[in-house]
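Top line first, the protein sequences correspond to chains A and B.
Whatever position you read off the first sequence (first residue = 1), add 4 for our numbering.
Whatever position you read off the second sequence (first residue = 1), add 4 for our numbering.
The beta carbon of each residue, even a glycine, is placed where N, CA and C say it ideally should be.
Protein chains: 2
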Amino acid sequence: MSFDLHRLRIFAAVARAGSFTRAAEQLHMAQPTVSQQISVLEDAVGAPLIERGPRRLRLTPAGEALLPYAGRLALLADEALEAARTAAGVAAHTLRLGVGQTLATYLLPDILRRYRERAPHYHTRIVTGNSAALLEQVAEGTIELALVGSPATHPELVITPFMQDRLVVIVAPDDIWASRNAADIDELRERPLLTREPGSALHATVERLLGAATLAGDHVIMLGETEAIKRSVEVGLGVALIQAIAVQREVALGRLRALALRGADDRRTYAWAQRARRWLSPAAAALVELLSTHR
Amino acid sequence: MSFDLHRLRIFAAVARAGSFTRAAEQLHMAQPTVSQQISVLEDAVGAPLIERGPRRLRLTPAGEALLPYAGRLALLADEALEAARTAAGVAAHTLRLGVGQTLATYLLPDILRRYRERAPHYHTRIVTGNSAALLEQVAEGTIELALVGSPATHPELVITPFMQDRLVVIVAPDDIWASRNAADIDELRERPLLTREPGSALHATVERLLGAATLAGDHVIMLGETEAIKRSVEVGLGVALIQAIAVQREVALGRLRALALRGADDRRTYAWAQRARRWLSPAAAALVELLSTHR
DNA sequence: TTCCTTCATCGAAATTCTCGATGAACATAT
DNA sequence: ATATGTTCATCGAGAATTTCGATGAAGGAA
């Protein structure tokens, strides 16, 4: 490719300097090099660009036409390089994080506060969504890390737990179960059960514990928001199986009663997901560091 | 300069093809070359541009930022080349011609008609002005040829005569000299003499023939237009020394009488001026060809 | 004239570009 | 599990390009 930026820069320098010799000096090259490159450029265009006079140089019509393009191209190239470098830098210094619905509401504010304390110079860009969508985005590289609830796997990802939570049964303070300390898994089938919509990690967990048949029963009410479930339980619509972290404030205030779950594994693990065999950006590494020392 | 158009085109091809191998095929180069050039580009940017996955390629943020610039640069470069070539072509196919005042009026229409017959595909751009200004423009390259009257020289120009004309003395049909065939140069000083303004070739000629002193005399009337001189002579304001070609129509119609000039060199030569040691464009060469075979 | 500036040409050295051969990683088919 | 195919990276060699210093030619200035 004989028509390239290098030559155009030389051409522009000659046009600007009005002299091959001075252009060569400004470009830190030898004068014959400039002569030759201009000549190559003229061959590429197929017409002379500069009229060499003994008194001074003058651009031919072709040269006049080319000069503004040479300037714009050089400028645009500089801009392109700058843009690419900036994008790379921004990516390195921006935490692109996905967070599951529940974690985003009940855990993220605290995590983010501590992240900013620890690494105030990084930017953050946070997206929320259900686990499956977030994991896919991590695999694609759209986000670098995702914080999700436990049943989560993906062939291209490494998933590392960082926190344990428990599922609890919540009832209204005036519920008939309100004075109990625990509820058996099988007892739940006897009460109207509130849970999240299919697709959420909570729904998948409840389904796994109670069986799909139970969730298809008449007593089950599905709501799109965790807050909606809590309010509904508060007013006595039924009971719910929910992450302890999501109700700790209401339990402390006495607006809900939390009963331990008995007869099933009530553990729930939160984990971060990252791509296998990939370096993390400094911004993401800082978050992983924080999560690893959490508690 | 490792950040140049060639590499950017390769990068864009890879991004478009989604594969190093296919991009190499489309670019008619070997695959290792593509790998290497992308690698050089990444070194220049200072960050990876393409994420090589076993499944498929994906652009990094830096790559995403760079890609639109690569496209625009390639497009702009093509446009630049096109513009330069067009400018060169237009220049080659456009006759940039300067013509002196008198020639423009009395000779140019005929020349132009025959030029267009002979070379209809060329464009023409014609400027008029006095000889000195035209010659200067030829030397500068603003126009390629100039058609001027005789006493004309310029250190950087080659001036080639193409036509002979004569100076004649014109008088009104009812003038006391109307029946004469000739007038002596010295007799002119006895009559009111009309001529063109200083700076015109005619003025210079008349001055040369009669002497500057005569032109400073009371009987001389200077007019800016050849037509004005003719009309003034027609109504009997005086006599004038003028190019035969400028009055041939009026003489034929009997509105003016033309007398031969005696006692001085009445020859007047028209010539074209071109730059020394320069090729003429095809358009200009065609005109020179026409003028050379004129008569 | 003689000197000075400017650009072109030439030959040689250094750099860069390109290619074919080969290898490693991974996915898919048997 | 083994074989096969695809894809990209690495290596070494050869080709093309770029660069430079030396030199020459042309023209202007003293």
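- With a cut-off of 8 Å on Cβ pairs, the stretch 154–172 of chain A is in contact with the stretch 267–278 of chain A, counting three or more such pairs.
- By the beta-carbon neighbour count (other beta carbons within 10 angstroms, threshold 16), ASN134 of chain B is buried.
- The alpha-carbon of ALA92 of chain A is positioned some 20 Å away from that of GLY102 of chain A.
- For PRO165 of chain A, the secondary structure class from DSSP, reduced to helix, strand or coil, is strand.
- As a beta-bridge residue in DSSP terms, TRP276 of chain A pairs with A:LEU151 and A:THR164.
- Of A:ILE246, A:LEU227, A:GLY228 and A:GLN141, the smallest CA-CA separation from ILE189 of chain A is found for A:ILE246.
- Non-local beta-carbon contacts of ARG184 of chain A in its own chain, meaning distances under 8 Å to residues more than five positions away in sequence, involve LEU263 in chain order.
- Ranked by Cα distance from ALA51 of chain B, the options A:ALA95, A:LEU197, A:VAL255 and A:GLY240 are led by A:ALA95.
- Minimum Cα-Cα distance from SER285 of chain B among the listed residues B:SER39, B:ILE147, B:ASP47 and B:ALA81 corresponds to B:ILE147.
- Residue contact check for VAL162 of chain B against chain A: no CB pair falls below 8 Å.
- Put simply, the backbone Cα of GLU29 of chain B is about 27 Å away from that of LEU45 of chain A.
- Secondary structure note for ALA182 of chain A: it is in no alpha helix (DSSP H), with a DSSP letter that is neither H nor E.
- Taking the Cα positions, LEU31 of chain A is about 26 Å away from ARG76 of chain B.
- Around the CB of SER296 of chain A, fewer than 16 other CB atoms lie within 10 Å, so the residue is classed as exposed.
- Counting only runs that start and end inside the stretch 230–267 of chain B, the alpha helix (DSSP H) elements of at least 4 residues fall at 230–238 and 248–256.
- Segment contact: the stretch 185–205 of chain A against the stretch 222–230 of chain A, three or more CB-CB distances shorter than 8 Å; contact assigned.
- In the three-state reduction of the DSSP assignment, GLU29 of chain A falls in the helix class.
- LEU79 of chain A is classed as exposed because its beta carbon has fewer than 16 other beta carbons within 10 Å across all chains shown.
- DSSP places LEU101 of chain A inside the beta strand (DSSP E), whose first and last residues are 98–104.
- For GLU55 of chain A, the residues of chain B that pass the 8 Å Cβ criterion are GLY145, in the order they occur in the chain.
- Of all residues in the stretch 155–189 of chain A, none places a beta-carbon less than 7 Å from a beta-carbon of chain B.
- A distance of 8 Å or more separates the beta carbons of GLN278 of chain A and LEU107 of chain A.
- Within chain A, PRO65 have C-beta atoms less than 8 Å from the C-beta of VAL94 of chain B, given in sequence order.
- Distances from the CA of ARG129 of chain A to each of A:ALA123, A:ARG118, A:LEU111 and A:THR98 were compared; the closest alpha carbon is that of A:THR98.
- Assignment of LEU12 of chain B by DSSP, reduced to helix, strand and coil, places it in the helix class.
- The stretch 250–261 of chain B and the stretch 112–131 of chain B do not touch, with fewer than three beta-carbon pairs separated by less than 8 Å.
- With a contact defined as Cβ atoms closer than 8 Å, VAL175 of chain A and VAL131 of chain A miss out at about 34 Å.
- Assignment of SER23 of chain B by DSSP, reduced to helix, strand and coil, places it in the coil class.
- Residue pairing by DSSP places HIS127 of chain A opposite A:THR98 in a beta bridge.
- Contact with chain A is found for GLU68 of chain B, since one of that chain's Cβ atoms lies less than 8 Å from the residue's Cβ.
- Residues of the stretch 117–136 of chain A with a Cβ closer than 8 Å to any Cβ of chain B: none.
- In the three-state reduction of the DSSP assignment, SER135 of chain A falls in the helix class.
- Assignment of GLU55 of chain A by DSSP, reduced to helix, strand and coil, places it in the strand class.
- The residues GLY203, in chain order, have a CB closer than 8 Å to that of ALA136 of chain A in the same chain once the five nearest residues on each side in sequence are set aside.
- For ASP8 of chain A, the chain B residues whose Cβ falls inside 7 Å of its Cβ are ASP8, LEU9 and HIS10, in order along the chain.
- Residue range 112–122 is occupied by the alpha helix (DSSP H) that includes ILE115 of chain A, with no beta strand (DSSP E) assigned at that position.
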